[in-house]
Structure formats: C-alpha cells, structure tokens
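Asker: Numbering (the numbering used here), first residue to last: 1 to 687.
Have a look at this one.
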C-alpha cells in the first residue's frame with residue numbers, strides 16, 4: 001500500500017501502524033481509531049465516520065497485502081466499538097468486508113476476521129438478525145475450517161449468535177430453513193455437527209420443510225448405522241405436523257417388518273412412539289399405522305427371550321430412547337425393563353385404546369417372558385390400580401379378561417409348588433417389599449386402591465403366595481402402626497373378597513400340613529391386630545385359641561379404634577362367609593369355646609347396634625344351659641396343645657411390643673417441648 005496516499009481521516013501514524021507486521025502496533029492503531037470514531041460521534045459527524053469505514057474497508061480489509069488486511073479487520077472492529085449505540089446505519093458496511101475475509105487463504109486472517117465479527121456482533125446484538133443468513137453462511141464455513149484456532153473462534157461467535165437469537169422475538173425461521181436444507185447433505189463431520197447443533201437449538205419449532213432431507217441425512221452410512229436411523233424416525237413421530245408424524249410412523253412400521261427381531265433393543269422406544277398414536281382420532285390412518293406397528297412388535301417377542309442375563313439398556317425418558325448403537329449391534333436382546341417403564345408411563349394416557357394396548361402388552365409379556373416380567377409387570381398392575389385411568393370400566397374389563405385367560409396357567413394361579421414358583425420366590429419378595437413400602441409412604445393409596453391391587457395380584461398369581469409373603473415381611477416390620485393398619489386391610493380382603501374363596505376354604509379346614517402351615521404363617525403377622533387375629537381364628541375354626549384371645553383382650557388398652565374393629569367383626573359374623581360358624585352354634589355342647597368367644601365379644605362391646613345384633617344371634621342358640629362354664633384349670637394355655645400355647649405366646653409378645661411403642665409415643669408427646677431452649681425436634685422418620 002502506498003503510505004503517501006491520502007487516507008484521511010486516518011493520520012499517517014495510524015496508517016503506518018495498521019500496516020505494521022507487529023500485532024501490538026496494529027492494536028495501538030485500533031485504539032486510536034476508536035478515539036477518532038468517538039469524537040466524530042460526539043460531533044454528530046456521520047460523513048466522516050462513513051468515510052473512515054470506507055477507507056478501512058477498501059484500502060485495508062480488502063487490500064492485497066496480508067498485514068494491511070489484518071489492520072483493516074481490527075480497525076473495523078474498533079469502529080464498531082467506538083460507535084456504540086450509533087452503529088445502526090453503518091452495520092452492514094462494517095460486516096460486509098469482514099465476512100469476505102472468511103474466505104481468505106491465510107488461516108490467521110480468517111481468525112482475525114472471526115474475531116472482528118465477534119466484536120461487531122457483540123456491539124450490535126439483535127440488529128444483526130436481518131443479516132443472519134450471511135453470518136450463518138460464513139459460520140458454516142468456519143465450523144469446518146481445518147485450523148483449530150479458526151474453529152475455536154467460530155465456536156465463540158456461534159454461541160454469541162445463539163444467545164442473540166434466544167433473546168430476540170424477530171428471528172426469521174422461514175429464512176433459516178433453506179439454510180439448513182442446503183447444508184444438510186454435507187459430508188464434512190464438523191459441518192454436520194454445526195447443523196445438528198442449530199437443529200437442536202430450534203427443536204421446539206416445527207420445521208417440516210427440512211424433514212425429508214433430514215431423513216436422507218440419517219441414512220448416510222458415513223454418519224451412523226441403521227440404529228440411529230430408527231431413533232431419528234422415532235423422534236419425528238412426536239412432531240405435531242400430521243404429514244411428518246404419519247411418514248415417521250410408516251417408516252417405523254416398515255423397520256419392524258423388515259428388521260424383525262433386530263429391533264428388540266429399540267422395542268421400548270418404538271412402544272413409546274406408537275402407544276400415544278393409538279389414541280389419535282384424526283387422522284385415522286396414523287392410528288391404523290401405529291396399531292399395525294404395535295401388533296407386529298408384539299409378535300417379535302418369543303418365549304426364548306425369557307432367559308437370564310438380558311442386556312440392560314438405558315432407561316426410557318419422555319418420548320425418546322437414546323442407546324448406544326454399537327452395544328445394540330453387539331447383543332440384540334429384549335429390553336424388558338425399558339418396555340415395562342414405558343408401559344407404566346402410558347397408564348394414565350387420556351386414550352382408552354392406549355391403556356387397553358398397555359394391558360395387552362402386560363399379558364403378552366406375562367405369557368411369553370414370565371421370569372423376566374414377574375417383578376416389573378406387577379408394578380405396572382399396581383400403577384393401573386392406583387391411577388384414575390385404571391378405574392375405567394373398559395380398562396378393568398380387559399384386566400379381568402386377561403386374568404381369565406391366565407387360568408390356563410393353573411400351576412401359577414393355584415399356587416402349586418411348580419419350578420416356576422420356586423424360581424421366582426425372590427421376585428415375589430422384592431416386589432411385595434416395594435409394594436408395602438409404597439403403601440407405607442402413601443396411606444391414601446392403601447385406603448383407596450389397596451384392596452383392588454391386592455385382589456388382582458391374587459388373581460394373576462398365587463393368593464396363598466401373596467398373603468404368606470406379605471405376612472412374612474410384616475412380621476419384621478419396624479413401624480408397628482403401619483403393620484397393624486396393613487394387617488387390618490389384608491384381613492378385610494381375606495374375609496370379604498370373592499377372589500379369595502379358595503384361600504378361605506383352605507383355611508376353613510386345617511386338615512393338611514400345608515393348610516396348617518398357612519394358618520401359622522398368617523397368624524404370625526395377624527397378631528399385630530387383636531381383632532384380625534381373632535377373626536383369623538374364627539375363620540380357621542380354632543375356637544380354643546379364639547377363646548383365649550378374647551379373654552386376653554381384657555389386658556389390652558380398649559380404644560375407640562379397637563371397639564370399631566370389634567363392631568366390624570360382629571357385622572361380618574352375620575355375612576355368608578361365617579354361615580358355617582352360625583350353624584355350629586346349633587352344636588353348642590360340642591363348641592363351648594365358640595360360645596365363650598362370642599359372649600366375650602358381647603361383653604367387650606358397649607350397648608350399640610353391634611351389641612344388640614350379636615345378642616339377638618346368641619338368643620337363637622337352642623339351649624344356652626349347655627354352655628360349659630369357663631374353667632381356668634381345664635382350659636388354661638398350659639393344658640392346651642403345644643401349638644396353641646406357642647400361638648398365644650406369639651400374640652402376647654407382639655401386643656407387648658405395641659404397648660411399649662404406645663408408651664414411647666405418649667412419653668414423647670407429654671415431654672416438655674424443646675422450644676424453651678431454642679431448639680426444635682426433627683420430624684419422625686420411618687425406618
């Protein structure tokens with residue numbers, strides 16, 4: 001450059017510094033330019049500012065000399081900083097020469113251009129959006145630049161531009177779409193990452209025009225394999241645009257038909273995409289396509305999948321399952337845990353068709369993969385029962401239908417000691433422990449839906465196994481109040497549920513070692529509730545033990561809750577369940593313990609409706625004179641069988657624990673509050 005040429009308003013000193021090889025001297029010149037611009041702005045001298053920008057652009061930034069171009073770039077950035085808020089009319093004149101330098105063969109010049117544009121954009125902020133396409137075009141080139149410094153600078157500019165788009169309400173998405181569409185076919189890895197980052201940035205905005213090239217982009221073998229293609233298609237099923245949704249659903253349907261069992265690792269993701277579409281009312285063809293896809297996917301699951309050591313893929317969240325395609329290609333196994341999680345997430349779906357499809361999936365998994373699904377599908381049934389969606393008559397009818405179909409598996413339903421039951425005892429334990437924990441943490445669930453959950457579990461599995469496992473767990477329950485509440489609930493279900501008729505029949509006649517073991521197992525935890533223990537003895541016709549229990553009630557704390565439970569028991573004695581007991585009153589001479597028990601209950605009750613009801617029943621006994629008087633020597637625990645003595649001892653031990661727990665609670669309530677010392681006790685935490 002000819003330094004003698006008139007480059008006013010630049011001084012000769014600034015001109016020499018801008019052309020210098022040393023960066024520090026060019027930086028000093030930039031500071032001087034910034035001062036000049038501020039002076040011009042303060043004087044409102046726009047023509048001089050425009051002249052200065054033109055000189056920096058034509059004579060420096062677009063010069064043939066590398067050092068002059070570097071000086072021009074830093075000078076233009078200094079102009080933008082000096083202009084401050086008055087940049088508007090000069091913005092494109094500042095940006096245009098800088099953007100042209102993005103194509104410079106010298107990587108250092110490209111870096112300085114990126115730096116200059118960063119400073120200009122930082123000053124202008126939202127005002128650069130009218131020139132977004134030009135900036136995006138330049139950035140897309142720098143993103144694929146082989147020089148790491150240039151790439152680093154472009155990333156800073158990219159983040160700044162995204163921040164500006166986020167802040168502004170005037171981002172032109174329509175103009176942005178062609179930019180993505182034109183660049184989505186690129187083979188450069190870094191350019192693809194740049195495009196994907198911007199797609200992710202605007203993912204909340206519907207972009208139908210770029211979907212077709214995006215689909216073609218996903219099948220490019222350079223980028224990814226078949227697995228990623230499936231995942232992209234699943235993602236677009238959730239798009240609101242109907243054409244896009246149908247196209248993606250059709251793709252997935254074809255994938256399932258063509259790839260078959262190779263798609264098992266993606267079954268959870270496909271289900272999550274297809275199940276909501278089953279509830280689509282308009283257009284119908286989306287629902288039909290999703291239904292075919294759902295049925296074909298269900299057919300892929302075989303009994304051979306019910307093996308140990310399944311591949312545990314990452315869990316599913318929202319509507320997109322992210323998995324490692326390398327892992328999937330290495331081991332194609334059924335992701336049972338992901339499937340069950342998806343089913344649980346769609347139990348409260350607004351569409352009845354979707355909820356019915358969930359139930360069909362549960363039943364299909366139960367038939368084909370019982371070992372794997374035994375723990376997980378029970379949790380789903382608990383979700384069905386506890387959710388408002390599960391209260392739908394149509395949904396419950398499908399639950400019942402599924403249970404009726406499962407009658408063919410009699411070894412499971414009837415509680416036979418089959419290898420399957422023996423192999424899955426640990427699953428029973430784990431599930432029921434978790435179910436009890438849930439009941440303990442949510443008493444409303446136990447109160448409102450607990451009976452429904454437990455009854456349907458007994459239909460699906462072995463009622464004897466369910467109750468015995470519950471009893472075993474509750475025997476070691478540290479929260480005695482919850483244990484008592486849970487036992488009362490189980491006892492009410494046992495005495496009233498039609499689904500437990502076989503279990504009641506087994507307890508009603510303790511003629512076999514198995515039935516006696518069942519009674520002993522239940523009695524161990526039923527002792528948490530005196531009235532529940534008594535009702536179990538009456539159900540099992542253990543009248544001597546029942547008589548001893550009633551007489552021991554005199555040593556207990558008689559509370560309103562206790563009397564309420566006695567009242568309920570008296571009402572139950574008038575129900576068809578205890579018909580055999582009322583008939584046995586005709587043989588009062590042979591059943592003195594039964595009469596003693598009933599009269600004991602009568603003496604415990606205040607003169608309420610239950611008192612008069614039981615009194616009327618006892619008046620119907622043919623000859624009350626035949627009732628043998630209570631004799632401590634004849635009927636003391638020491639003279640009874642060893643079993644009865646042990647059962648009585650168990651009852652007294654459990655009730656002693658309850659008395660001790662109540663005393664501790666009363667002591668805590670009656671103790672002076674710690675507030676006097678400026679302290680507060682933490683809330684009680686249930687172990």
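For each residue, glycine too, the CB sits at the ideal point set by N, CA and C.
1) Is it buried or exposed, residue 170, if we count other Cβ atoms within 10 angstroms and call 16 or more buried?
2) Compare the Cα-Cα distances from residue 270 to each of 530, 288, 248, 280 and report the closest residue.
3) At the level of alpha carbons, what is the spacing between residue 452 and residue 190?
4) Output yes or no for whether 9 Å exceeds the beta carbon distance between residue 98 and residue 76.
5) Between the C-alpha atoms of residue 285 and residue 145, what's the straight-line distance to the nearest angstrom?
6) Look at the Cβ atom of residue 147, then the Cβ atom of residue 107, and state whether they are nearer than 9 Å.
7) In the DSSP assignment, the alpha helix (DSSP H) including residue 141 goes from what residue to what residue?
8) What residue range is occupied by the uninterrupted alpha helix (DSSP H) comprising residue 690?
9) Does DSSP put residue 559 in a helix, in a strand, or in coil?
10) Under 7 Å Cβ to Cβ from residue 32, same chain only, skipping five residues before and after it: list those, please.
11) In angstroms with no decimal places, state the Cα-to-Cα distance between residue 140 and residue 194.
12) Could you check which residue in 134, 156, 354, 62 has the C-alpha nearest to that of residue 91?
13) Whose CA, out of 454, 113, 448, lies closest to the CA of residue 431?
14) From residue 644 to residue 370, what does the alpha carbon distance come to, in whole angstroms?
15) Quick one: Cα of residue 547 to Cα of residue 450, how far?
16) Could you compute how far the alpha carbon of residue 153 sits from the alpha carbon of residue 253?
17) Between 176, 19, 653, which has its C-alpha nearest residue 201's C-alpha?
18) What does the alpha-carbon distance come out to for the pair residue 162 and residue 181?
19) Determine the contact status of residue 429 and residue 473, defining contact as a CB-CB distance below 9 Å.
20) State the DSSP-derived secondary structure class of residue 621, mapped to helix, strand or coil.
21) What three-state label does DSSP hand residue 580 in the structure shown?
22) If I'm right that residue 495 touches residue 572 with Cβ under 8 Å, what's the distance once you round it to whole angstroms?
23) Taking the alpha carbon of residue 9 as the reference point, which residue from 34, 24, 26, 22 has its own alpha carbon closest?
24) Can you tell me whether residue 71 is buried or exposed, with buried defined as 16 or more other CB within 10 angstroms of its CB?
25) Can you give the beta carbon distance from residue 19 to residue 57, rounded, assuming they're within the 8 Å contact cut?
26) Can you tell which of 353, 348, 350, 344 has its C-alpha closest to the C-alpha of residue 362?
27) Return helix, strand or coil for residue 643, following the three-state DSSP convention.
28) Taking the straight line between their C-alpha atoms, what separation do you get for residue 16 and residue 81?
29) Taking the alpha helix (DSSP H) that residue 12 falls in, what are its first and last residues?
30) Say whether the segment 571 to 591 touches the segment 513 to 526, bearing in mind that this needs 3 or more beta-carbon pairs closer than 8 Å, one atom from each stretch.
31) Using 10 angstroms around the beta-carbon of residue 178, count the other beta-carbons present and answer buried if the total reaches 16, otherwise exposed.
32) Apply the 10 Å Cβ neighbour rule to residue 614 and answer buried if 16 or more other Cβ atoms are within range, or exposed otherwise.
33) Please tell me whether residue 275 and residue 143 are closer than 9 Å, where the distance is taken between their beta carbons.
34) Can you tell me the Cβ-Cβ gap for residue 567 and residue 610, rounded? I've got them flagged as a contact below 8 Å.
35) Going along the chain, which residues of its own chain have a beta-carbon closer than 7 Å to the beta-carbon of residue 306, five neighbours each way excluded?
Answerer: Result, derived from the coordinates:
1) With fewer than 16 other Cβ atoms within 10 Å, it is exposed.
2) Comparing Cα positions, the closest option is 248.
3) If I take the Cα positions, the gap works out to 57 Å.
4) Against a cut-off of 9 Å, the Cβ pair of residue 76 and residue 98 comes out as a contact.
5) In this model, residue 285 and residue 145 are separated by some 46 Å (Cα to Cα).
6) Closer than 9 Å, so yes.
7) Residues 132 to 143.
8) Because the chain here runs from 1 to 687, residue 690 falls outside it and cannot be looked at.
9) Residue 559 sits in coil when the DSSP states are folded into three classes, being neither helix nor strand.
10) The residues are 14.
11) So the two alpha carbons sit approximately 7 Å from each other.
12) That would be 134, whose Cα lies nearest to the Cα of residue 91.
13) Measuring from the Cα of residue 431, the nearest candidate turns out to be 454.
14) C-alpha separation (whole angstroms): 40 Å.
15) So the alpha carbons of these two residues sit roughly 31 Å apart.
16) Rounded to whole angstroms, residue 153 to residue 253 spans 44 Å at the Cα level.
17) Ranking 176, 19, 653 by Cα distance to residue 201 puts 176 first.
18) Spanning the two alpha carbons is a distance of roughly 19 Å.
19) Contact flag set, yes.
20) Residue 621: coil per DSSP, three-state reduction.
21) Residue state, collapsed to three classes: helix.
22) Approximately 6 Å separates the beta-carbon atoms of residue 495 and residue 572; this is inside 8 Å, confirming the contact.
23) The shortest C-alpha separation from residue 9 is found at 34.
24) Buried, because 16 or more other Cβ atoms sit within 10 Å of the Cβ of residue 71.
25) That pair is no contact at about 15 Å.
26) Looking only at 353, 348, 350, 344, the smallest Cα-Cα distance to residue 362 is reached by 344.
27) Judged by DSSP in its simplified three-state form, residue 643 adopts helix.
28) Residue 16 and residue 81: Cα-Cα distance of roughly 21 Å.
29) Boundaries of the alpha helix (DSSP H) harbouring residue 12: 12 to 18, taken from the DSSP string.
30) In the pairwise beta carbon analysis, the segment 571 to 591 is classified as not touching the segment 513 to 526: fewer than three pairs are separated by under 8 Å.
31) Residue 178 should be labelled exposed.
32) Under this definition residue 614 is a buried residue.
33) No. Outside cutoff.
34) A Cβ-Cβ distance of about 4 Å is found for the pair residue 567 and residue 610, placing them in contact under the 8 Å criterion.
35) Excluding the 5 residues flanking it on each side, residue 306 has same chain C-beta neighbours closer than 7 Å at 368, 369, 370, 371, 372, in chain order.
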